[in-house]
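Student: Before I ask anything, here is the structure I am working with.
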Amino acid sequence: MFHPSPEMKELQRSNPVVRTRLPDGRVGWLVTRYDDVRQVLIDPRFSRAAAVGPEVPDAGLGQAATDTILSMDPPEHTRLRRLVAGAFTARRVEALRPRVTKLVDELIDHLITLPQPADLVENFSFPLPVQVICELLGVPPADRHLFHEWSDTVLSDISGDPAEIEAAFAELSGYFARLLAAKRAQPADDLMTALIEARDAQDRLSESELVRLCLTLLVAGHETTANQINMFLLVLHEHPEQLHRLRGDLAMIPQAVEELMRFAQLGASGGGLPRVTTEEVELSGVRIPKGEAVIPVITVANRDPALAPDPDRVDVARPLTTHLGFGAGVHHCLGAQLARMELQEALRGLLGRLPRMELAVPVAGLAFKNGMIVRSLQSLPVRW
Amino acid sequence: MAAWRVTVSDECIASGSCLGIAPKRFALGDDGRSHPASALMAADEAVLDAAASCPMEAIAVRDAQTGEPVEPR
Chain W
1 MFHPSPEMKE
11 LQRSNPVVRT
21 RLPDGRVGWL
31 VTRYDDVRQV
41 LIDPRFSRAA
51 AVGPEVPDAG
61 LGQAATDTIL
71 SMDPPEHTRL
81 RRLVAGAFTA
91 RRVEALRPRV
101 TKLVDELIDH
111 LITLPQPADL
121 VENFSFPLPV
131 QVICELLGVP
141 PADRHLFHEW
151 SDTVLSDISG
161 DPAEIEAAFA
171 ELSGYFARLL
181 AAKRAQPADD
191 LMTALIEARD
201 AQDRLSESEL
211 VRLCLTLLVA
221 GHETTANQIN
231 MFLLVLHEHP
241 EQLHRLRGDL
251 AMIPQAVEEL
261 MRFAQLGASG
271 GGLPRVTTEE
281 VELSGVRIPK
291 GEAVIPVITV
301 ANRDPALAPD
311 PDRVDVARPL
321 TTHLGFGAGV
331 HHCLGAQLAR
341 MELQEALRGL
351 LGRLPRMELA
361 VPVAGLAFKN
371 GMIVRSLQSL
381 PVRW
Chain H
1001 MAAWRVTVSD
1011 ECIASGSCLG
1021 IAPKRFALGD
1031 DGRSHPASAL
1041 MAADEAVLDA
1051 AASCPMEAIA
1061 VRDAQTGEPV
1071 EPR
């Protein structure tokens, strides 16, 4: 649960750029060193748009990324990204911090009224990011019961039924079409209203792009953060000396969040979205021909000794200047600053107010939901 | 054609966003941060895209002659 496979680590040491048959039977290049993965994510010769199609391996990432901003290259990607980038800058996110601190407090106020053990997934790790992204977008948080299941299905991995995934996309699209109509009639101070303005007054995106963009922001905006809240707590639970250190000095939290982003695996497969080379590229002395699928194995790259000495050790005080936990390049996580801030406030609230909080079941007894591209715990029972 | 003066501040977190959007206009330095490929450059829409897409708002574009801000405005 906490470490990349020994085979992947061995690849990084001895065969860092290797052509191989992937679990779905298709052929692609696995790239595992930090510098190389970073280049694959940033260098425009590795195309996302060219990586969408039946012949490209999906590395266990399912269909979630096709037909959205995640599968576009510049300049199309840039046109859409520019429309939303301003809402997620460090400055804008900092202005949201007091609101998030208050939400964290309210969720903990409620949590401690519950009988113990209580489920942290249901009562904290999901509701926090859902509430934040809903308020930012202008989606009624009370609709969570509506979109929760669709969102889970949209994030299905390759084991998912394509018809079911398509149906969930259609449901979510229909939901947003209705929301956007209501928002047009009654504009508000939120991102959806700003995007409607960009569509209706400036024609900067099509109606279907508008719907897909809102849908992507909602789904990407909460499943990921919820998972990382859970995984951060599990990693700290497994490293009690680190947890003790952090509880003793909550000012270390921002630094700890970076280390935990490096250490805790977000995606179920550990890989990033595949790219396809638009011309021949050389990586670590290996020539990758034009038109080949390339999988940047982010989880393993984050455990490269060249990035972090003694990389499989978690150290909340590690002076880390960078990592690939949020990816890199044009697809660098749009919500990275928001996620950082939410994760910081979540840890500050939980460690600060519930200093004796502990897992109520052994880690081995925890179950992930099956068949999803992000790792999503079914429940996380805790006592405090 | 207008010339621009482009700077990247210390706020840069090396997300690599600008390197992907305008690969000819930015380069990664030894310090791990992004730098303009040259301090002065010809006007290029991709540089404005990079500045507007930077998560840290670390990129500033000014008119080289007048010093007027081009992006952010």
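Order-wise, the sequence lines are chains W and H.
Be aware that the first sequence starts at 1, since it is given in the numbering used here, and climbs by one per residue.
Be aware that the second sequence starts at 1001, since it is given in the numbering used here, and climbs by one per residue.
Using N, Cα and C, we set each Cβ at its ideal position, and we do this for glycine too.
Can you check which of these residues, ARG97(W), GLU166(W) and MET192(W), is closest to ALA177(W) by C-alpha distance?
Tutor: The candidate whose alpha carbon is nearest that of ALA177(W) is MET192(W).
Student: Anything in chain W within Cβ reach of GLY1029(H), meaning under 9 Å, just list it in chain order.
Tutor: In chain order: nothing, as chain W lies at least about 13 Å away.
Student: Hey, quick one: how far does the alpha helix (DSSP H) through GLU1011(H) stretch, first residue to last?
Tutor: Premise fails: GLU1011(H) is in no alpha helix (DSSP H) and is neither H nor E.
Student: Any beta carbon of chain H sitting closer than 8 Å to that of PRO44(W)?
Tutor: Yes - at least one Cβ of chain H is within 8 Å of the one on PRO44(W).
Student: Measuring straight from C-alpha to C-alpha, what distance separates ARG375(W) and LYS369(W)?
Tutor: Using only the alpha carbons, I get a separation of about 7 Å.
Student: Chain H partners of THR322(W), CB-CB under 8 Å?
Tutor: Under the 8 Å cutoff, chain H gives ILE1013, ALA1014 and GLY1032.
Student: Step through the CB atoms of chain H and report whether any lies within less than 8 Å of the CB of PRO140(W).
Tutor: By this cut-off, PRO140(W) is not an interface position.
Student: Taking 7 Å as the cut-off, does the CB of CYS214(W) come closer than this to any heavy atom belonging to the ligand NAP?
Tutor: For the ligand NAP, the structure offers nothing, since it holds no ligand at all.
Student: Could you tell me which residues DSSP puts in a beta bridge with ASP119(W)?
Tutor: Answer by DSSP bridge pairing, in chain order: PRO381(W).
Student: Can you say whether LEU114(W) is buried or exposed, counting buried as having 16 or more other CB atoms within 10 angstroms of its CB?
Tutor: So LEU114(W) counts as exposed.
Student: So, does the CB of MET1056(H) fall closer than 8 Å to a CB anywhere in chain W?
Tutor: It does; some Cβ of chain W falls within 8 Å.
Student: Just verifying my parser: in three-state terms, what is the DSSP assignment at SER206(W)?
Tutor: Coil at SER206(W), not helix or strand.
Student: The beta strand (DSSP E) that contains HIS331(W), what's its start and end?
Tutor: No beta strand (DSSP E) contains HIS331(W), which DSSP labels as neither H nor E.
Student: Please confirm whether ILE1059(H) has its beta-carbon closer than 8 Å to some beta-carbon of chain W.
Tutor: Not closer than 8 Å to any Cβ of chain W, the Cβ of ILE1059(H) fails to qualify, so no.
Student: In chain order, what residues of the segment 218–230 of chain W put their CB closer than 7 Å to some CB of chain B?
Tutor: In the structure shown, chain B does not exist; the protein chains are W and H.
Student: Indicate the three-state DSSP secondary structure (helix, strand or coil) for ILE158(W) in the structure shown.
Tutor: Coil.
Student: For ALA59(W) and ALA301(W), what's the separation of their Cα atoms in angstroms?
Tutor: The predicted model places ALA59(W) with a pLDDT of 47, which falls under 50 and marks its position as unreliable, so this point remains unresolved.
Student: Against chain H, does VAL281(W) count as a neighbour if the rule is that its beta carbon must be under 8 Å from one of theirs?
Tutor: Not one chain H Cβ lies under 8 Å of VAL281(W).
Student: Is the Cβ-Cβ distance between GLU259(W) and ASP310(W) less than 8 Å?
Tutor: Against a cut-off of 8 Å, the Cβ pair of ASP310(W) and GLU259(W) comes out as no contact.
Student: Alpha carbon to alpha carbon, how far is SER1015(H) from THR322(W)? Give it in angstroms, no decimals.
Tutor: The alpha-carbon atoms of THR322(W) and SER1015(H) are separated by roughly 9 Å.
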